[in-house]
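Worksheet for the structure shown next.
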Amino acid sequence: MDGREDQDDVPGHRWFFRGMRQIVSIPATILMAAFVGFAGLARESGVGLWEAILLAGGIWALPSAVVLVGAVQTNASLAATFIAVSLSSFRLMPMTVALVPVMRNERTGRLTLLFLSHFVAVTAWVFGMTRLPDLPRSARTAYFAGFAITLACAAMATTAVSHVAAARLPVVLAAALTLLTPLYFLVSLWGAARVSTDRLALLTGVAVWPVFHWLEPEFELIWTGLAGGTLAYGAGRLAAARQARRRTAEEASA
Amino acid sequence: MSLPDNPLTWTYHSLDTWWWPTVFILLAGFVPNDLWRALGVVFAGRLREDSEIFAYVKAVATAIVAGVVAQLVFFPSGSLALSPLWLRLLAVASGFAAFKLARNRVLVGVLAGEAVLILLWVLVVGVPDRPV
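So the sequences go chain by chain: A and B. Mapped onto our numbering, the consecutive letters of the first sequence carry residue numbers 1 to 254. Mapped onto our numbering, the consecutive letters of the second sequence carry residue numbers 255 to 386.
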C-alpha cells in the first residue's frame, strides 16, 4: 500500500475533476501553443477544418499528425502514409508499457486501460509519469483520465479556432512557440527523474539520435530508444552495483 | 477523375467525396497509432512498477522522447527552421543551465531558453521577414 490511506477515501470523480483542473498548467499551455502551429500547417497543406480536428483528436500524437499532413502535401498513397505513420507512432508502444503499471490499480479493467491508452502522447505521458507517483494508487486512473481527456478536447478546440482564424503569426513568435515543446520535454523529464537511469536515458537518447538519424533515418527513433535506453539501463545497473559493493565494504571495515 | 484499381495506391486527394479524407485519416492515422497503444496495454500485462523489466522499458521510452527532443531541435518544422542550428542548440543549453541553477524549476528553464532564442535572433542574427 502507499501509506497514504488518508487520501484513499476521496471518491474517484473528485480525482477526475482534480485532473481536469490541471488543464491550467505549463505543459497544457505549451501543448495548446503547439496545436496553434499545427492548425496553421494543416490549413496551408489543404487539410480542411473537420479533417484537422479529426487529426488532432483521432491521432492525438502531434508528430504522427504532422507526418500525415506531410503525406497529404506530397500526395502520398494510403499504403505509404500508413507505413510512415506506423514508424513515427511505434514509440507509443513502449511509452504505454511504461505508463500502465504507474497508472492502474487493482480495480482498473482492461477496457478502461485500452480506452485511456488512446490519450498517450508525449505531453500526457510526461505528465502521468511525473505526477502520478505522488498520488495514492486508487486515485491515479481517474486523475490521469481527467487530465488527458480534457487536454485532448482542449487541443481539438484550439485546432478548430486556429484553423478558422488562420492567423499568421510573426516569424519569431511562431518559432518561439515551436521551441517550447523540446525545451519543456527536456527539463520536465529531467526534473521528474527518480533514478539516475532515467536522467542517463535522456542524455544517451539525445547523444545517439544524430548517429541513427544518419545511419537509419527510417527507424531512427526506434534505434535511439533501444540503444540509448539499453546504455542508460546498463550504466545505471553498474552504478547501483558499485554503490552496493562500497556499502558492504564499509560495513565490513566498520 | 479516373482511379487506380488498387485502393492502397489512392491518395488523400484521389476521391472527390466528402468522406474519403476522413476514411484516409482513420485508416492511415488513427489505426496505426491506436494499434501501437493497444499493444502497449497488452504487453504491460501484469508488469509491476518495481520490476527490472519496467525500469528497462522506462529507460527505452525516455530515450525515445529524448530522440524526439533532438529531432525537434535539429530539424524543426515551420518558422523555427529559419533560425540557425547553433542558436537553437544554444537556446536549449541555456534553458537547461538556467533550470539547474534555479534548482530544477521548469518554468525558469523554459523562459530562459525562450529568451536566448528571441533576443539573440532579433538583436544579433536578424530574422528573415518572409516565412517559408
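We put the beta carbon where it would ideally sit given N, CA and C, even for glycine.
Residue contact with chain B for Ser64 of chain A: present (Cβ-Cβ distance below 7 angstroms to some residue of chain B). Below the 7 angstroms Cβ cutoff, chain A contributes no neighbours of Gly380 of chain B, its closest Cβ being approximately 11 angstroms away. A distance of 7 angstroms or more separates the beta carbons of Val323 of chain B and Leu49 of chain A.
By the CB criterion at 7 angstroms, Ser196 of chain A and Gly228 of chain A fall outside the cutoff. Sequence-ordered contacts of the segment 263 to 289 of chain B with chain A read Thr263, Trp264, Thr265, Tyr266, His267, Pro275, Thr276, Phe278, Ile279, Leu280, Leu281, Ala282, Gly283, Phe284, Pro286, Asn287 and Asp288 [C-beta pairs closer than 7 angstroms]. Using a 10 angstroms sphere on the CB of Ile59 of chain A, the tally of other CB atoms reaches 16 or more, which defines it as buried.
Annotated three-state conformation of Ser268 of chain B is coil, per DSSP. Along the length of the segment 25 to 76 of chain A, whole alpha helix (DSSP H) runs at least 4 residues long occupy 26 to 44, 49 to 54 and 62 to 73, reported in chain order.
Within chain B, the residues placing a beta-carbon under 8 angstroms from that of Asn75 of chain A are Thr265, Tyr266 and His267, ordered along the chain. Leu339 of chain B is outside the set of residues whose beta carbon lies under 7 angstroms from a beta carbon in chain A. Following the DSSP letters along the chain, one finds Asn260 of chain B in no alpha helix (DSSP H), marked with neither H nor E. Proximity to Leu293 of chain B across A:Arg18, A:Val69, A:Leu114 and A:Phe16 peaks at A:Leu114, based on C-alpha coordinates. The closest CA to that of Ala142 of chain A, considering only A:Thr108, A:Ala154, A:Leu151 and A:Leu173, is found on A:Thr108.
In this structure His267 of chain B is exposed. Its beta-carbon is surrounded by fewer than 16 other beta-carbon atoms within 10 angstroms.
Counting C-beta pairs closer than 8 angstroms gives three or more between the segment 218 to 234 of chain A and the segment 87 to 97 of chain A, which meets the contact rule.
When Cβ-Cβ separations below 7 angstroms define contact, His118 of chain A makes contact with chain B. When the Cα atoms are used, Arg137 of chain A and Arg194 of chain A turn out to be separated by approximately 17 angstroms. Between the alpha carbons of Pro286 of chain B and Arg359 of chain B lies a gap of roughly 36 angstroms. The segment 267 to 286 of chain B makes no contact with the segment 151 to 162 of chain A, as fewer than three CB pairs between them are under 8 angstroms.
Counting the other CB atoms within 10 Å of its CB gives Glu216 of chain A a total below 16, which places it among the exposed residues. Here Phe119 of chain A really is in contact with Ile149 of chain A; their C-beta atoms are around 6 angstroms apart, less than 8 angstroms.
No Cβ of chain A is located within less than 7 angstroms of the beta carbon of Ser348 of chain B. Contact between the segment 97 to 106 of chain A and the segment 35 to 46 of chain A is absent: fewer than 3 CB-CB pairs across the two stretches fall below 8 angstroms. In the structure shown, Glu218 of chain A adopts helical secondary structure according to DSSP, grouped into three states. For Pro182 of chain A, the enclosing alpha helix (DSSP H) begins and ends at Val171 to Ala192. The Cβ atoms of Ala121 of chain A and Ala52 of chain A lie no closer than 7 angstroms to each other.
When C-alpha distances from Met129 of chain A are compared across A:Gly191, A:Leu179 and A:Met20, the shortest belongs to A:Gly191. Interface residue (Cβ-Cβ distance to chain A less than 7 angstroms): Arg291 of chain B is classified as such. Look at Tyr184 of chain A: its C-beta is under 7 angstroms from a C-beta on chain B. Residues of chain B with a Cβ closer than 7 angstroms to the Cβ of Ser89 of chain A are, in chain order, Pro286, Asn287 and Trp290.
Taking the CA atoms as reference points, Ala28 of chain A sits about 23 angstroms from Val69 of chain A. Counting only runs that start and end inside the segment 281 to 330 of chain B, the alpha helix (DSSP H) elements of at least 4 residues fall at 285 to 298 and 306 to 328.
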